[in-house]
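Protein chains: 2
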Amino acid sequence: MQLNHTRLLNNLTQLAQFGKVETGVNRLSFTSEDRAARQWLVEQMREAGLDAEIDGIGNVYGRTRGVDTAVLIGSHTDSVPKGGWLDGAMGVLYGLEVARTRNESNTLPGLGVDVISFADEEGTYRALAGSLSFCGELSDVDIKDAKNMHGVSLTHALTEAGYAGQPRARIDPSRHLAYFEGHIEQGPRLEVEGQKIGLVTAIVGIRRSRITCTGQADHAGTTPMHLRKDAGAVLIRLCAELLNRFANAGSELSVWNLGHIVFEPGAGNVVPSLAQVLVEFRDPRPEVLDRLEAEINAAVAEFHGQQGVSIEVAHLLSIAPADMDAALVDTIEAATRQQAVPALRMPSGAGHDAMVLSRYVPTAMLFIPSIGGRSHDVAEDTSAEDICLGADILADTVALLARQKGLA
Amino acid sequence: MQLNHTRLLNNLTQLAQFGKVETGVNRLSFTSEDRAARQWLVEQMREAGLDAEIDGIGNVYGRTRGVDTAVLIGSHTDSVPKGGWLDGAMGVLYGLEVARTRNESNTLPGLGVDVISFADEEGTYRALAGSLSFCGELSDVDIKDAKNMHGVSLTHALTEAGYAGQPRARIDPSRHLAYFEGHIEQGPRLEVEGQKIGLVTAIVGIRRSRITCTGQADHAGTTPMHLRKDAGAVLIRLCAELLNRFANAGSELSVWNLGHIVFEPGAGNVVPSLAQVLVEFRDPRPEVLDRLEAEINAAVAEFHGQQGVSIEVAHLLSIAPADMDAALVDTIEAATRQQAVPALRMPSGAGHDAMVLSRYVPTAMLFIPSIGGRSHDVAEDTSAEDICLGADILADTVALLARQKGLA
Numbered sequence: 171m172q173l174n175h176t177r178l179l180n181n182l183t184q185l186a187q188f189g190k191v192e193t194g195v196n197r198l199s200f201t202s203e204d205r206a207a208r209q210w211l212v213e214q215m216r217e218a219g220l221d222a223e224i225d226g227i228g229n230v231y232g233r234t235r236g237v238d239t240a241v242l243i244g245s246h247t248d249s250v251p252k253g254g255w256l257d258g259a260m261g262v263l264y265g266l267e268v269a270r271t272r273n274e275s276n277t278l279p280g281l282g283v284d285v286i287s288f289a290d291e292e293g294t295y296r297a298l299a300g301s302l303s304f305c306g307e308l309s310d311v312d313i314k315d316a317k318n319m320h321g322v323s324l325t326h327a328l329t330e331a332g333y334a335g336q337p338r339a340r341i342d343p344s345r346h347l348a349y350f351e352g353h354i355e356q357g358p359r360l361e362v363e364g365q366k367i368g369l370v371t372a373i374v375g376i377r378r379s380r381i382t383c384t385g386q387a388d389h390a391g392t393t394p395m396h397l398r399k400d401a402g403a404v405l406i407r408l409c410a411e412l413l414n415r416f417a418n419a420g421s422e423l424s425v426w427n428l429g430h431i432v433f434e435p436g437a438g439n440v441v442p443s444l445a446q447v448l449v450e451f452r453d454p455r456p457e458v459l460d461r462l463e464a465e466i467n468a469a470v471a472e473f474h475g476q477q478g479v480s481i482e483v484a485h486l487l488s489i490a491p492a493d494m495d496a497a498l499v500d501t502i503e504a505a506t507r508q509q510a511v512p513a514l515r516m517p518s519g520a521g522h523d524a525m526v527l528s529r530y531v532p533t534a535m536l537f538i539p540s541i542g543g544r545s546h547d548v549a550e551d552t553s554a555e556d557i558c559l560g561a562d563i564l565a566d567t568v569a570l571l572a573r574q575k576g577l578a
Numbered sequence: 171m172q173l174n175h176t177r178l179l180n181n182l183t184q185l186a187q188f189g190k191v192e193t194g195v196n197r198l199s200f201t202s203e204d205r206a207a208r209q210w211l212v213e214q215m216r217e218a219g220l221d222a223e224i225d226g227i228g229n230v231y232g233r234t235r236g237v238d239t240a241v242l243i244g245s246h247t248d249s250v251p252k253g254g255w256l257d258g259a260m261g262v263l264y265g266l267e268v269a270r271t272r273n274e275s276n277t278l279p280g281l282g283v284d285v286i287s288f289a290d291e292e293g294t295y296r297a298l299a300g301s302l303s304f305c306g307e308l309s310d311v312d313i314k315d316a317k318n319m320h321g322v323s324l325t326h327a328l329t330e331a332g333y334a335g336q337p338r339a340r341i342d343p344s345r346h347l348a349y350f351e352g353h354i355e356q357g358p359r360l361e362v363e364g365q366k367i368g369l370v371t372a373i374v375g376i377r378r379s380r381i382t383c384t385g386q387a388d389h390a391g392t393t394p395m396h397l398r399k400d401a402g403a404v405l406i407r408l409c410a411e412l413l414n415r416f417a418n419a420g421s422e423l424s425v426w427n428l429g430h431i432v433f434e435p436g437a438g439n440v441v442p443s444l445a446q447v448l449v450e451f452r453d454p455r456p457e458v459l460d461r462l463e464a465e466i467n468a469a470v471a472e473f474h475g476q477q478g479v480s481i482e483v484a485h486l487l488s489i490a491p492a493d494m495d496a497a498l499v500d501t502i503e504a505a506t507r508q509q510a511v512p513a514l515r516m517p518s519g520a521g522h523d524a525m526v527l528s529r530y531v532p533t534a535m536l537f538i539p540s541i542g543g544r545s546h547d548v549a550e551d552t553s554a555e556d557i558c559l560g561a562d563i564l565a566d567t568v569a570l571l572a573r574q575k576g577l578a
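Protein chains in written order, with the numbering used here: chain A, 171 to 578; chain B, 171 to 578.
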């Protein structure tokens, strides 16, 4: 399969016109810009020879005709506010280009290429709504409960868009041999290490804990140090301890972030009565996540009660890691070797629709470099050369897989 | 001089009706409640036999007739929002009760008792405006520039109140032998240590610095730890270091507070690009304040550039400590010994009008206990017994001073 690079890049540029803002896109789920992009996409899929529809949750799903077996390739076309032009969009258009080339060139007669753009991956209403629906993990109650930050319900948005009432497309493990998702890395590793393709071995698990120190507000001039219950000072010491504990207990792939901190009442002349920090940590291995959570609990136990300050910890979020299919990762790697493209095995530090799909069909992802590691920002970009290289590796991977499965 | 305790307590209760809120008062400067309280006070002063006026900045000033020499006793009657009933008000009514008793009992013929309530000590428009004006430190430009948090100018407030255009009263060092201010402690020391009178040796100096760490916002999942410029992590370590350095470098009277901290953008999944802390520290000795400021500078120098994070420090505020007059402190102490009242030499950790007055006339303050150390809150309170004891010690001090100066 010889992809048409010019067409791929043109399609990317065309899609980026929907909601274009500066060098990025503002294409929040189910806005007029997002809906127009979906309409454009379903037409592109039909032109490419696919049976394509927008389903009841807004997924744009195109199926290859006349095959019993297919790979599924996709990602999402919605964006965060003032997001980048490639995040999600590129993975969908990789699928479109591979499917179109297959259909035009009459290659791989035994293996179809189905293409999908999952709705609301970014969670304007409900993160991963499209892939969860596609895999049967999104109930009617889930849909009813989902709201955006302005309180508009997902049901209302689906009705407005004309998607409500359409059947919801479902994955078919008897048809779908594999799910592939191409994506920008959204981090700096490939660029820094001079690699061209990231072979995603796992999508990291994410946990989030909130630590709250409660002391007593006092006049910061008239209250002697030894009579204070300074929630802020205890939190600072606890956070410094946590940074040390995480550095010791984490794996070489662990990341953690103390991203939000708040002191109340928050005045220079009042001893903080409350101090709170949000701790997020990620790792591809559940046992490492357990170890880091245990470090939080141990540090909290150590500091609880110091200086009359009580400490509570709430474990708010736990998303399990998702291993990618080892055989598929090997196949992508084989494709990179075939072309002598420098590639790196690495976890994905961000969540993706592939996380959901991996529970139902063999799933793999490939990353291409993000310039300066930037994403979720209009500054997000990747060179045309790298974009096309990623598409070629994906096409080669599909061809290799067809050969492996006797479907070429 | 035998004070009338019942009258003193009644006057306190009457004054607390102006702007009464729950068990405290809402008597922000130049509100109708504050103005009504000033009008009540000027009438009380006249009833007590003083020549009393409200001056051009709102100071209520009552002078003893027929004397060339007087002590000045006072404080302020404005409050913070939902403040306590004693903060300031008590010191003014101590002066009123001592002056009234002197005038009624025809004691101390050679030493008058002038009484003053300084305007806007709490800084609704301009902190210490009344005492600064009284001492000639508040210029017309200062008045013109002063605004409250809603943007209303002090000039407008003074005009509305009918004070604008009145002459501004001025301190007279040839008349004023001393300035005395009685005040609640606003802290827990007297209560905790079982003392009844705080002999204020100095009003602490206050300095305030803002430390700003600047790094880079990155995705907290996809950016490996070693490639981050985490302003938050650096600030946490710097703050922990500062807490240690202050504990080592401070005097036994030093206090410090890290009361406000902010991380930007402040999301659990974004590495903080900016982290800022407000550091406030107080001590009665300038050389200790210099030492603590040097510790900040040294810690900033140590952490600057770590993990690619740059650090800036801005020294925002520096109020010099004010020593109280040693001879006057001795005189108050002598009064407490005379009555066998347990008293403690201590600095004032909060600012007071006495800070300004001390630059022009011998000045001293006495504290009485605050229940639970509470102030700037409706919960602020002191037992009637302790209030009356403080007034008695002040009256005795005036009598002792008169004797010392041959004016009794």
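Yeah, the Cβ is synthetic: ideal placement off N, Cα and C, and Gly gets one too.
These figures come from a predicted structure and were not determined experimentally.
Please report whether the beta-carbon of B:ILE431 lies at a distance below 7 angstroms from any beta-carbon of chain A.
In the second sequence, residue 431 of chain B corresponds to position 261, counting from 1. With 7 angstroms as the cut-off, B:ILE431 counts as an interface residue toward chain A.
Neighbourhood of A:ASP220 by C-beta distance below 7 angstroms, restricted to the same chain and skipping five residues each side
Residue numbering aside, residue 220 of chain A sits at position 50 when the first sequence is read from its first letter. Residue identity check: residue 220 of chain A is Leu in the sequence provided, not Asp. For A:LEU220, where only same-chain residues beyond five positions count, the Cβ hits under 7 angstroms are GLY232, ARG233, THR234, ALA269, VAL285.
For A:VAL440, go through chain B and note every residue whose CB falls closer than 8 angstroms to its CB, in chain order.
Taking the first sequence and counting its residues from 1, one reaches residue 440 of chain A at position 270. Those are ASN427, GLY429, listed as they occur along chain B.
With distance defined between alpha-carbon atoms, name the residue in A:GLY368, A:THR382, A:GLY332, A:ARG529 nearest to A:VAL470.
Counting from one through the first sequence, the residue named residue 470 of chain A turns up at place 300. Ranking A:GLY368, A:THR382, A:GLY332, A:ARG529 by Cα distance to A:VAL470 puts A:THR382 first.
Terminal residues of the continuous beta strand (DSSP E) containing A:GLY560?
Within the first sequence, the letter at position 390 stands for residue 560 of chain A. Boundaries around A:GLY560 are those of the alpha helix (DSSP H), 554 to 574, since no beta strand (DSSP E) includes it.
Cβ-based contacts, 8 angstroms cut-off: residues of the region 363 to 397 of chain B near chain A:
Those residues of the region 363 to 397 of chain B placed with their C-beta closer than 8 angstroms to a C-beta in chain A are VAL374, ILE376, ARG378, ASP388, HIS389, ALA390, GLY391, THR392, THR393, PRO394, MET395, LEU397, ordered along the chain.
Is it a yes or a no for the region 547 to 561 of chain B touching the region 346 to 358 of chain B, going by three-plus beta-carbon pairs under 8 angstroms?
Enough Cβ pairs lie closer than 8 angstroms, so yes.
Pull up the CB-CB distance for A:VAL449 and A:LEU423, whole angstroms please, since I reckon it's below 8 angstroms.
Position 279 of the first sequence, counted from the start, is the residue given in the question as residue 449 of chain A. Position 253 of the first sequence, counted from the start, is the residue given in the question as residue 423 of chain A. No, A:VAL449 and A:LEU423 are not in contact; Cβ-Cβ is about 18 angstroms, not under 8 angstroms.
Select from A:ILE466, A:SER540, A:GLN574, A:ALA348 the residue whose C-alpha is nearest the C-alpha of A:THR533.
Within the first sequence, the letter at position 363 stands for residue 533 of chain A. Comparing Cα-Cα distances from A:THR533 to each of A:ILE466, A:SER540, A:GLN574, A:ALA348, the minimum goes to A:ALA348.
Is DSSP giving B:LYS252 helix, strand or coil here?
Taking the second sequence and counting its residues from 1, the one referred to as residue 252 of chain B is at position 82. Note: B:LYS252 maps to coil in three-state DSSP.
Between the Cα of B:ALA387 and the Cα atoms of B:LYS366, B:PRO343, B:ARG345, B:VAL441, which residue gives the shortest distance?
Numbered from 1 along the second sequence, position 217 holds the residue referred to as residue 387 of chain B. Taking the Cα of B:ALA387 as reference, the smallest distance to any Cα among B:LYS366, B:PRO343, B:ARG345, B:VAL441 is reached at B:VAL441.
For the region 369 to 378 of chain A against the region 491 to 499 of chain A, do three or more pairs of beta-carbon atoms, one drawn from each stretch, fall closer than 8 angstroms, so that the two count as touching?
Under the three-pair Cβ rule at 8 angstroms, the region 369 to 378 of chain A counts as touching the region 491 to 499 of chain A.
Could you work out which residue in A:ASN196, A:GLY280, A:VAL191, A:SER245 is closest to A:MET525 when comparing CA atoms only?
In the first sequence, the residue the question calls residue 525 of chain A occupies position 355. It is A:SER245 whose Cα lies nearest to the Cα of A:MET525.
Please list the residues of the region 455 to 466 of chain A that have a C-beta atom closer than 7 angstroms to any C-beta atom in chain B, keeping them in chain order.
Cβ contacts with chain B come from no residue of the region 455 to 466 of chain A.
Separation of B:LEU308 from B:GLU223, as counted between CA atoms:
If you number the second sequence from 1, residue 223 of chain B lands on position 53. If you number the second sequence from 1, residue 308 of chain B lands on position 138. So the two alpha carbons sit approximately 19 angstroms from each other.
Closer than 8 angstroms, Cβ to Cβ, to anything on chain B: give me those residues from the region 273 to 293 of chain A, in chain order.
Against chain B - using a Cβ distance shorter than 8 angstroms - the region 273 to 293 of chain A contributes no residues.
Please report how far the alpha carbon of A:ARG515 lies from the alpha carbon of A:GLY478, in whole angstroms.
As a working note, residue 515 of chain A is residue 345 in the first sequence. As a working note, residue 478 of chain A is residue 308 in the first sequence. Per the coordinates, the alpha-carbon of A:ARG515 lies some 48 angstroms from the alpha-carbon of A:GLY478.
Mind checking which residues open and close the beta strand (DSSP E) that includes B:GLU223?
Position 53 of the second sequence holds residue 223 of chain B. Note, B:GLU223: beta strand (DSSP E), 220 to 224.
What three-state label does DSSP hand B:LYS190 in the structure shown?
Along the second sequence, one-based indexing puts residue 190 of chain B at 20. Reduced to three states, the DSSP call for B:LYS190 is strand.
Going by DSSP, which residues form a beta bridge with A:SER480?
Numbered from its first residue, the first sequence carries residue 480 of chain A at position 310. The secondary-structure analysis by DSSP pairs A:SER480 across a beta bridge with A:THR384.
Does the distance from the CB of B:GLY357 to the CB of B:GLY543 come in under 7 angstroms?
As a position in the second sequence, residue 357 of chain B is number 187, starting the count at 1. As a position in the second sequence, residue 543 of chain B is number 373, starting the count at 1. When the beta-carbon positions are compared, B:GLY357 and B:GLY543 come within less than 7 angstroms of each other.
Counting only beta-carbon atoms, is B:PRO358 nearer than 7 angstroms to chain A?
As a working note, residue 358 of chain B is residue 188 in the second sequence. B:PRO358 counts as touching chain A.
Buried or exposed: A:GLY576, going by 16 or more other Cβ atoms within 10 Å of its Cβ?
Mapped onto the first sequence, residue 576 of chain A falls at position 406. Label assigned to A:GLY576: exposed.
Looking at chain A, is there any beta carbon in it that lies within less than 7 angstroms of the beta carbon of B:ARG515?
In the second sequence, counting from the first residue as 1, residue 515 of chain B sits at position 345. No, no contact with chain A.
Three CB pairs or more closer than 8 angstroms across the region 412 to 420 of chain A and the region 454 to 474 of chain A:
Taking 8 angstroms as the limit for Cβ pairs, the verdict is that the region 454 to 474 of chain A does touch the region 412 to 420 of chain A.
A:LEU405 versus A:GLN446 - alpha carbon distance
As a first step, residue 405 of chain A is located in the first sequence; it is residue number 235 there, counting from the start. As a first step, residue 446 of chain A is located in the first sequence; it is residue number 276 there, counting from the start. Going by the C-alpha atoms only, they are around 7 angstroms apart.
Within 9 angstroms of chain B by C-beta, residues of the region 533 to 547 of chain A in sequence order
Within the region 533 to 547 of chain A, those residues whose Cβ lies closer than 9 angstroms to any Cβ of chain B are, in chain order, SER540, GLY543, ARG544, SER545, HIS546, ASP547.
Would you say B:PHE433 and A:ILE431 are within 7 angstroms of each other, going by their C-beta atoms?
To locate residue 433 of chain B, count along the second sequence from 1; it is residue 263. To locate residue 431 of chain A, count along the first sequence from 1; it is residue 261. A:ILE431 sits close to B:PHE433, with the two beta carbons spaced by under 7 angstroms.
Using a Cβ-Cβ cut-off of 7 angstroms, state whether A:GLU482 counts as contacting chain B.
Within the first sequence, residue 482 of chain A is the residue found at index 312, counting from 1. Residue-level contact by beta carbon fails for A:GLU482 and chain B, as no gap is shorter than 7 angstroms.
Classification of B:SER594 by the beta-carbon crowding that lies within 10 angstroms, buried from 16 upward
Lying outside 171 to 578, the shown extent of chain B, residue 594 of chain B is not represented and no answer is given.
Going straight from the alpha carbon of B:ALA316 to that of B:PRO251, what length do you get?
Residue numbering aside, residue 316 of chain B sits at position 146 when the second sequence is read from its first letter. Residue numbering aside, residue 251 of chain B sits at position 81 when the second sequence is read from its first letter. Taking the straight line joining both Cα atoms gives about 18 angstroms.
Is it buried or exposed, A:MET319, if we count other Cβ atoms within 10 angstroms and call 16 or more buried?
The residue labelled residue 319 of chain A in the question sits at position 149 within the first sequence. Under this definition A:MET319 is an exposed residue.
First and last residue of the beta strand (DSSP E) that includes A:HIS162?
Beyond the ends of chain A as shown, which are 171 and 578, falls residue 162 of chain A; an answer cannot be given.
With 16 other Cβ atoms within 10 Å as the buried cut-off, status of A:LEU487:
Translated into positions along the first sequence, residue 487 of chain A becomes position 317. Exposed, by the Cβ-count rule.
So with CB distances below 7 angstroms, who are the chain A contacts of B:ALA419?
The count along the second sequence starts at 1 and reaches residue 419 of chain B at position 249. For B:ALA419, no chain A residue has a Cβ inside 7 angstroms of its Cβ, as the nearest lies near 13 angstroms away.
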